[in-house]
Every structure is written in structure tokens, then in C-alpha cells.
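Chemist: With the working numbering applied, the sequence shown closes on residue 236, and no number is skipped along the way.
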Amino acid sequence: MGVLELLLPPACAGCGRFGHLVCRECLEGFRAASAPDDRFMASDPGTVVGDALELAITAFAHDGTLRRALQRLKYGGSGRIAVPLARAAAPALVALTRVCGPLPLVPVPVHSARLNQRGYNQAALLADSLGSATRLPVLDILERGRATVRQHGLGKAARLQNLRGAFALRESVRIPPGIILVDDILTTSATLESCAQVLRDAGAAAVYGFAIAREV
Ligand SMILES: [Zn+2]
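(1) To the nearest whole angstrom, what separates the beta carbons of Phe50 and Leu86, a pair I think is in contact under 8 Å?
(2) What are the residues that DSSP puts in a beta bridge with Arg234?
(3) Specify the secondary structure class of Gly151 as computed by DSSP and reduced to three states.
(4) Kindly examine ligand 1 and report whether one of its heavy atoms sits closer than 8 Å to the Cβ of Val42.
(5) Return yes when at least one heavy atom of ligand 1 lies under 8 Å from the C-beta of Glu45, else no.
(6) Rounded to whole angstroms, what's the CA-CA distance from Leu183 to Thr211? Just pull it up for me.
(7) Mapping the DSSP letters down to three states, classify Val218 as helix, strand or coil.
(8) Taking 7 Å as the limit between beta carbons, can you name the residues of its chain near Ala110, skipping five residues before and five after?
(9) In three-state DSSP terms, what is Phe38?
(10) Beta strand (DSSP E) containing Pro127: first to last residue?
(11) When the Cα of Val128 is compared with those of Val119, Arg88 and Glu213, which residue comes out closest?
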């Protein structure tokens, strides 16, 4: 958190008005990525069915106010904004747990260089807040061993190649049989797939994914 953020009242990431990190009007403007029920269809833009990944869903479309809020979380040093974003996204996570059951949340890790630069892992902050909102445990068991080139502009196959060997398990962790991976943005699902593969290789029986926003 920056010094300015401590001194000033928060300005809404959407409309800029002071008072809330994201004001009520802007929160209500988030566009749902999936139909608001638990009948997830592969054709639904908010739903991804993968190989190592059983099913991933997203709460919102990555546009408008939510895009600005996630940019502030990722690049603006505003870790606190994870709390209202996770709270807004929690009903979609609850819908996923109606399919897969109440599983522990595992945040997608960032590389340590980025962690030092940013001061936090945005996916871990989101997972913590989602865990509080839904009473699901959070297990920070993955790490990012290798720095990767920026994924922006790459297709899924290139991303999977880029991410090969990027994720690993922390030492001496026990793998629960079922897991929900948590990330901020889902684009091609290559990141979730790569993490799911590591967890499946380590013995997880079923890995699901949840992201706040779907790049559309
Ligand atoms: Zn606002």
C-alpha cells in the first residue's frame, strides 16, 4: 500500500468519487460472465472446461469498471481493493462449490521478483478475501519457480509453452484431493491449466478454477 493511499480517503476505482475503493453503483455495474446459476455450460463465455482442469468459471466480464479496479489491484499498489472485488465475486464462487463441493482455495502464484516489486500477490489477496467470504480454507501451496515472458498477445498454445515448468509445489506440502485455483483474470486458461497439471501430477484428483474476470 502506498503512503498516499494511507492518507487519502479512497477514491472509487470506477468513477473516482471519494469514499469507497469501489462504490456501490460501480459494483452493481459489473457485468456477470456466466448465467447466474450452477448449470455451467461449456459454451458459456464465463466457463472453461480443460484437460487437467475440470472446470473453471469466472464471476465477471473483464471490462469497464471492473477492468479499472483490477488494474489498480495489479499495477496501482492498491491491495485493499481485493476485498470489495472478492466480496462481489463470492456468489459466483459459491455457485461453483455447488458443483464441486467446498474445496480449499489455492492462489495462482506470482514470481518472487514481481512479488517484491508489487508487495503482494493479487491472486493470494483475492483468495484470502474469497476464503473469508465463503468460509473456504486457503492453501498457498504453489510457487512460481521460473520467470516467464509476458503472456499478453500470446495464444493458448504459446502460453502453455511459455508456462512449461513455471509452477511448482512448495516443499513438503500435502495435496488435498480437490482444489479450486484462484486467479484475478482468466484469458486462455493456460495459467490455470499449468497450475492444475502440477497439482494433478502431485496427486490431486480434481482441480477447478475460479477467476474474478474473464477476458472476452
Ligand atoms: Zn464508483
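Where is the CB? At the ideal position from N, CA and C, for every residue including glycine.
Modeler: With the given structure in hand:
(1) Reading the sequence shown from its first residue, position 30 is the one you call residue 50. Reading the sequence shown from its first residue, position 66 is the one you call residue 86. That pair is a contact at about 5 Å.
(2) Position 214 of the sequence shown holds residue 234. Answer by DSSP bridge pairing, in chain order: Ala81 and Leu206.
(3) Stepping through the sequence shown from its first residue, residue 151 is reached at position 131. DSSP places Gly151 in helix when its eight states are reduced to three.
(4) The residue labelled residue 42 in the question sits at position 22 within the sequence shown. Yes.
(5) Along the sequence shown, one-based indexing puts residue 45 at 25. Glu45: yes, Cβ under 8 Å from ligand 1.
(6) Your numbering for residue 183 matches position 163 in the sequence shown. Your numbering for residue 211 matches position 191 in the sequence shown. If you take the alpha carbons of Leu183 and Thr211, they lie about 7 Å apart.
(7) Indexing the sequence shown from 1 puts residue 218 at position 198. Here Val218 sits in helix by DSSP.
(8) Counting from 1 along the sequence shown, the entry for residue 110 is found at position 90. These residues qualify, in order along the chain: Leu150, Ala153 and Thr154.
(9) For the purposes of this step, residue 38 is identified with residue 18 of the sequence shown, where counting begins at 1. Of the three classes helix, strand and coil, the one that applies to Phe38 here is strand, per DSSP.
(10) Translated into the one-based positions of the sequence shown, residue 127 becomes position 107. Per DSSP, Pro127 belongs to the beta strand (DSSP E) from Leu125 to Pro127.
(11) Stepping through the sequence shown from its first residue, residue 128 is reached at position 108. For Val128, the nearest C-alpha among the options comes from Glu213.
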